[in-house]
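Numbering (the UniProt record's numbering), first residue to last: 1 to 93.
In structure tokens:
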């Protein structure tokens, strides 16, 4: 998982059986740096799922699918330059 705000500040690998809760940060967001890091990685990327409020700087269109997962209170009428918008319900559970 790549953690961006203005820059990608942390990269962490998780096992799908152990991932529980990830603390989100607050502040300005740019997805440019995180997409550059994904593109530079040795991993074969088929899709990126970006959790965002859509108040971000978008990177150039990549060669893989992108889902922009956003909270239900954000995203109404906000266009994305590529990929698909998916509304997610956030809870504190």
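Backbone N, C-alpha and C fix where the C-beta goes; we use that ideal spot for every residue, glycine too.
| Asked | Found |
| --- | --- |
| Classification of residue 59 by the beta-carbon crowding that lies within 10 angstroms, buried from 16 upward | buried |
| Neighbour-count burial assignment, residue 31, 16 or more Cβ in a 10 Å radius | buried |
| Buried/exposed call for residue 90, threshold 16 Cβ in 10 Å | exposed |
| DSSP beta-bridge partners of residue 87 | 70 |
| C-alpha distance - residue 74 paired with residue 41, whole-angstrom precision | 30 Å |
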